[in-house]
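Heads up: the sequence shown begins at 8 in this note's numbering, then just goes up one per residue. Cβ atoms here follow ideal geometry from the backbone N, Cα and C, with glycine treated the same way.
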Amino acid sequence: MSLIYIVEDDKNIQEIECYSLKNSGYSVEEFDCAKAFWNRIEKRKPDLVLLDIMLPDSDGVDVLKKLRRNPETKKIPVVMVTAKASEIDKVKGLDSGADDYITKPFGIMELISRVKAILRRIHSMEEEKFMRLHDIFLDGEKRMVYVGDKPCELTYKEFELLKLFLQNAGIVMTREAIMERVWGIDFEGESRTLDMHIKTLRQKLGDAGKNIKTVRNVGYRIE
Numbered sequence: 008m009s010l011i012y013i014v015e016d017d018k019n020i021q022e023i024e025c026y027s028l029k030n031s032g033y034s035v036e037e038f039d040c041a042k043a044f045w046n047r048i049e050k051r052k053p054d055l056v057l058l059d060i061m062l063p064d065s066d067g068v069d070v071l072k073k074l075r076r077n078p079e080t081k082k083i084p085v086v087m088v089t090a091k092a093s094e095i096d097k098v099k100g101l102d103s104g105a106d107d108y109i110t111k112p113f114g115i116m117e118l119i120s121r122v123k124a125i126l127r128r129i130h131s132m133e134e135e136k137f138m139r140l141h142d143i144f145l146d147g148e149k150r151m152v153y154v155g156d157k158p159c160e161l162t163y164k165e166f167e168l169l170k171l172f173l174q175n176a177g178i179v180m181t182r183e184a185i186m187e188r189v190w191g192i193d194f195e196g197e198s199r200t201l202d203m204h205i206k207t208l209r210q211k212l213g214d215a216g217k218n219i220k221t222v223r224n225v226g227y228r229i230e
C-alpha cells in the first residue's frame, strides 16, 4: 500500500483529499504546515507528496526545492496542489521539480487519476532497474548481469541488447527496431554488426544464451 503525505492547511480540502485517497486504497498522513511535515519525513519517507504552495509557515515551492536538494528525498514524487492557476506559477512549480500540478478547485477523480499515473510510472521505473528471466538477472543500477550466481561481463552494447530483450520478453524484435533502439541508426547496411553482437552475447550467457532465439527473416526474441 502506497503512503501519501498531504501538506495542506485548508482543513476542508485536506479532509476531501484524505477521504478520497483512503477510499482508493492508499495510506495517508496529513500535515497543516511545513514544520510538521519535515519532522515526520525525517522518520518515514512517503511514496508521494501532495503539496500546497501557500502554507502558513513556508512557501510550498521552497519546500519542494529542499526536497530535491536532499539525496534521501529528491526522488519522492510531488504533486503541487494550489489556487495559483497562472501559467507562470505552473512553470515555476514544474521547473522546481514538481511531477505534476493541480489547481483548486479540482475534481476528485482527476486527483486520483493523476496520483495513480505518477505512482504507476515510478513503480514501472523501479521494476525496470532489476529484471530476471530464468537464470539471467540484470541489475540496471549497477549495470551488472548475473547468470545463476556468477557475474557475466558484457560490453556496453551487449548489456543494452540484453536489457532490450528482457524488457520485451517473448516478443519478436525486428532487426530494424533493435538497431534503432540500441545503436540509434538505420538498419540498412548494419546487419553484420547486430549478428556479431548477438553471437558474443549468447556465448557470454552460456546455456542461458539459448533463450535468445533467431526468428528467420524477422529478427530475434528472448523466451
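Item, Value
"F44, enclosing beta strand (DSSP E) - first and last residue", "Unbroken run through F44 is the alpha helix (DSSP H), 41–48; no beta strand (DSSP E)."
"Simplified DSSP state of D7, which is helix, strand or coil", "Residue 7 is absent from the model: the chain starts at 8 and stops at 230."
"The region 136–156 in contact with the region 73–82 per 3-pair CB rule at 8 Å", "no"
"Y12 and E49 closer than 8 Å at C-beta", "no"
"Runs of beta strand (DSSP E) wholly within the region 58–144 (minimum 3 residues, chain order)", "85–89, 107–110, 137–140"
"Cα-Cα separation, T110 to T89", "5 Å"
"Helix, strand or coil at L161 [DSSP, three-state]", "coil"
"Extent of the continuous beta strand (DSSP E) run through E24", "E24 -> not in any beta strand (DSSP E); alpha helix (DSSP H) instead, spanning 18–30."
"Sub-8 Å separation of K136 and S103 beta-carbons", "no"
"Reduced DSSP secondary structure (H/G/I, E/B, other) of D214", "helix"
"Three-state secondary structure assigned by DSSP to E15", "coil"
"Proximal residues to C40 (C-beta, below 7 Å), its chain only, five neighbours per side dropped", "D16, L62, P63, D64"
"Beta-carbon proximity check, L145 vs L208, cutoff 8 Å", "no"
"Where M8 falls: helix, strand or coil (DSSP)", "coil"
"Residue span of the beta strand (DSSP E) that contains I229, given as start and end", "226–229"
"Cβ distance (whole Å) where D106 is taken to contact P84 below 8 Å", "4 Å"
"Own chain residues within Cβ distance below 7 Å of C159, not counting five before or after", "V152, Y153, K211, L212"
"Whole-angstrom distance between L171 and V179, CA atom to CA atom", "11 Å"
"Three-state class that DSSP yields for E167 in the structure shown", "helix"
"Sequence-distant residues of the same chain with beta carbon closer than 8 Å to L161, five excluded per side", "V152, L169, L208, K211"
"For L201 and R182, believed in contact at Cβ under 8 Å, the rounded distance", "6 Å"
"Short Cβ contact (8 Å threshold) for V86 with L126", "no"
"Under 8 Å between C-beta atoms of R205 and N218", "Per the sequence presented here, residue 205 reads as Ile, with Arg not at that position. Not a contact, by the Cβ cut-off of 8 Å."
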